[in-house]
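Number 260 marks the last residue of the sequence shown (numbering that gives the first Met the number 0); no jumps.
From the three backbone atoms N, C-alpha and C, an ideal C-beta is built for every residue, glycine too.
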Amino acid sequence: MSEAVITETTQAGVRTLTLNRPDKLNAANDALLLALTDALRRADTEDNVRVVVITGAGRGFCAGQDLGDVSGRDMTFTEHLNHTYNPLIRTIRTLSKPVISAVNGVAAGAGASLALAGDLRLWAQSASLIEVFSNIALVPDSGSTWFLPRLVGYHRAFELMALAERVRSEDALRLGLCEQVFPDETFRADVQAYAERLAARPANALKLTKQALVFAQTHTLDEALDQEAALQQIAGDHWEHEEGVTAFKEKRPAQFIRGAQ
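As structure tokens, this is what we get:
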């Protein structure tokens, strides 16, 4: 039996999904992309999972599309994206739980898009990102044209895409492409500790916060204000809010992890 293209582990409310084609720097084929999308959707339904981490096995995070997997295939570029990458990116952005992109090595092409798609991006010191599409005369896809300019601005995004410049961790942190950079030797432990901190936060409130932020990115201020008001009512009616207020009054840490609600 062939080895799984995605491996899954769960610890302290953190589901880690590892891209598992290390011999190819986790370059994506259809099996990997569909398995990752399925694993994310399953994690979203499981009450014991509060945070999802996406990372890569071996030296790479994801080297982008495995070109050998699509060579000679009777499928258009549009069909391929709509069958694989686009459902994956949409799943990440609509997942009700926080998704961390734990970039342990190179993130290239569509792998760069995957690295940018997480709600939080944690990088290893040796990690790098490259929008490599122009090297083979293609257009950045899988969300890169949406994510990257919102992070670094139109002009810098165009430069990175046009020249296929590699961004290393120190510049990624400065540009806002990641939130934290951890040493290579402690990266996986540091990511787990960070994710567990996030898992201890109020899950319902974080779900609604993600929903509000995603909504606000494509709507007007007036629409965002209305959305905030509606979501605030939902948050205020949830037991987490009562626990948070009670803990504040009692001068103790709030306990936001209970049985299924």
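* Leu-31 and Leu-18 look like a contact to me (Cβ under 8 Å); what is the Cβ gap, rounded to whole Å? -> Taking the first residue of the sequence shown as 1, we reach residue 31 at position 32. Taking the first residue of the sequence shown as 1, we reach residue 18 at position 19. About 6 Å; that satisfies the 8 Å criterion.
* Asked: Should the region 101 to 113 be called in touch with the region 127 to 147, which here means at least 3 C-beta pairs below 8 Å?
  -> Contact between the region 101 to 113 and the region 127 to 147 is present, because at least three Cβ pairs lie under 8 Å.
* To do: Give the secondary structure of Ile-91 by DSSP, where H, G and I count as helix, E and B as strand, and everything else as coil.
  => Position 92 of the sequence shown, counting from 1, holds the residue named residue 91. When DSSP states are grouped into helix, strand and coil, Ile-91 belongs to the helix group.
* Below 7 Å between beta carbons: does that hold for Ala-38 and Ala-62? -> On the sequence shown, residue 38 is found 39 positions in, with the first residue counted as 1. On the sequence shown, residue 62 is found 63 positions in, with the first residue counted as 1. Result no, Cβ atoms of Ala-38 and Ala-62 do not sit closer than 7 Å.
* Helix, strand or coil for Ser-141, going by three-state DSSP, please let me know. => As a position in the sequence shown, residue 141 is number 142, starting the count at 1. Looking at Ser-141 - three-state DSSP - the assignment turns out to be coil, as it is neither helix nor strand.
* **Unbroken alpha helix (DSSP H) run spanning Ala-30, endpoints** => Working through the sequence shown from its first residue, we reach residue 30 at position 31. For Ala-30, the enclosing alpha helix (DSSP H) starts and ends at 29 to 44.
* Run of the beta strand (DSSP E) containing Leu-224, from where it starts to where it stops -> Here residue 224 refers to the residue found at position 225 of the sequence shown. The continuous stretches of beta strand (DSSP E) do not include Leu-224, which lies in the alpha helix (DSSP H) extending over residues 220 to 235.
* Looking at C-alpha atoms only, which residue of Met-74, Val-52 and Gln-64 is the closest neighbour of Asn-103? -> Counted from its first residue, the sequence shown places residue 103 at position 104. If we check each option's Cα against that of Asn-103, Val-52 comes out closest.
* Buried or exposed (CB count within 10 angstroms, at least 16 for buried), Tyr-153 -> By one-based count along the sequence shown, residue 153 stands at place 154. Residue burial annotation: Tyr-153 is exposed, with fewer than 16 other C-beta atoms found within 10 angstroms of its C-beta.
* Excluding the 5 residues preceding and the 5 following Gln-10 in the sequence, name in chain order all residues of the same chain whose CB lies nearer than 6 Å to its CB. => Mapped onto the sequence shown, residue 10 falls at position 11. Within the same chain, Gln-10 has no close Cβ partners at all.
* Could you give the residue range of the alpha helix (DSSP H) that holds Leu-245? -> Position 246 of the sequence shown, counted from the start, is the residue given in the question as residue 245. According to the sequence displayed, residue 245 carries Thr and not Leu. It spans 238 to 248 - the alpha helix (DSSP H) in which Thr-245 sits, taken as one unbroken run.
* Asked: Mind checking Glu-241: buried by the 16 CB within 10 Å criterion, or exposed?
  -> As a working note, residue 241 is residue 242 in the sequence shown. By the neighbour-count rule (16 or more Cβ atoms within 10 Å), Glu-241 is not buried but exposed.
* Please report how far the alpha carbon of Asp-189 lies from the alpha carbon of Phe-181, in whole angstroms. => On the sequence shown, position 190 is the one that residue 189 refers to. On the sequence shown, position 182 is the one that residue 181 refers to. Roughly 7 Å between the two C-alpha positions.
* DSSP bridge partner residues for Phe-181 (one or two, in chain order) -> Here the question's residue 181 lines up with position 182 in the sequence shown. Phe-181 pairs with Ala-123.
* To do: Quickly, what does DSSP pair Leu-18 with across the bridge? List them, please.
  => Counting from one through the sequence shown, the residue named residue 18 turns up at place 19. Its beta-bridge partners are Ile-5 and Gly-55.
* To do: Compare the C-alpha of Ile-88 against each of Val-138, Phe-247 and Arg-40 and name the closest.
  => As a first step, residue 88 must be located in the sequence shown, where it is residue number 89. If we check each option's Cα against that of Ile-88, Arg-40 comes out closest.
* Asked: Between Ala-161, Gly-108 and Pro-97, which lies nearest to Leu-212 when the distance is taken from Cα to Cα?
  -> Counting from 1 along the sequence shown, the entry for residue 212 is found at position 213. Ranking the options by Cα distance to Leu-212, first place goes to Pro-97.
* Asked: Taking contact to mean at least 3 C-beta pairs separated by less than 8 Å, is the region 161 to 173 in contact with the region 124 to 140?
  -> Output reads yes: the region 124 to 140 touches the region 161 to 173.
* Quick one: residues in its chain with C-beta nearer than 7 Å to the C-beta of Ala-228, no 5 flanking neighbours on either side, listed in chain order? => Here residue 228 refers to the residue found at position 229 when the sequence shown is read from its first residue. There are no such residues.
* Asked: From what residue to what residue does the beta strand (DSSP E) around Val-105 run?
  -> Residue numbering aside, residue 105 sits at position 106 when the sequence shown is read from its first letter. Unbroken beta strand (DSSP E) run through Val-105: 105 to 107.
* **8 Å Cβ shell around Leu-80 - same chain, five flanking residues per side excluded** => Here residue 80 corresponds to residue number 81 of the sequence shown, with the count starting at 1. Within the same chain, Cβ atoms closer than 8 Å to the Cβ of Leu-80 are found at Asp-140 and Ser-141, the five residues on either side in sequence being excluded.
* Asked: In whole angstroms, what is the alpha-carbon distance linking Asp-225 and His-237?
  -> As a position in the sequence shown, residue 225 is number 226, starting the count at 1. As a position in the sequence shown, residue 237 is number 238, starting the count at 1. The alpha-carbon atoms of Asp-225 and His-237 are separated by roughly 19 Å.
* To do: Report the option in Pro-201, Ala-42 and Ile-129 whose CA atom is closest to the CA atom of Arg-167.
  => Numbered from its first residue, the sequence shown carries residue 167 at position 168. Taking only the C-alpha atoms, the option nearest Arg-167 is Ile-129.
* Whose C-alpha, out of Thr-219, Ala-246, Ala-194 and Ile-233, is nearest the C-alpha of Leu-119? -> By 1-based counting over the sequence shown, the position of residue 119 is 120. Among Thr-219, Ala-246, Ala-194 and Ile-233, the Cα nearest to that of Leu-119 is on Ala-194.
* To do: Measure the alpha-carbon distance for Leu-150 versus Phe-76 and round it to whole angstroms.
  => Position 151 of the sequence shown, counting from 1, holds the residue named residue 150. Position 77 of the sequence shown, counting from 1, holds the residue named residue 76. Using only the alpha carbons, I get a separation of about 26 Å.
* Asked: Which of the three DSSP states, helix, strand or coil, is assigned to Ile-256?
  -> For the purposes of this step, residue 256 is taken as the residue at position 257 of the sequence shown. Reduced to three states, the DSSP call for Ile-256 is coil.
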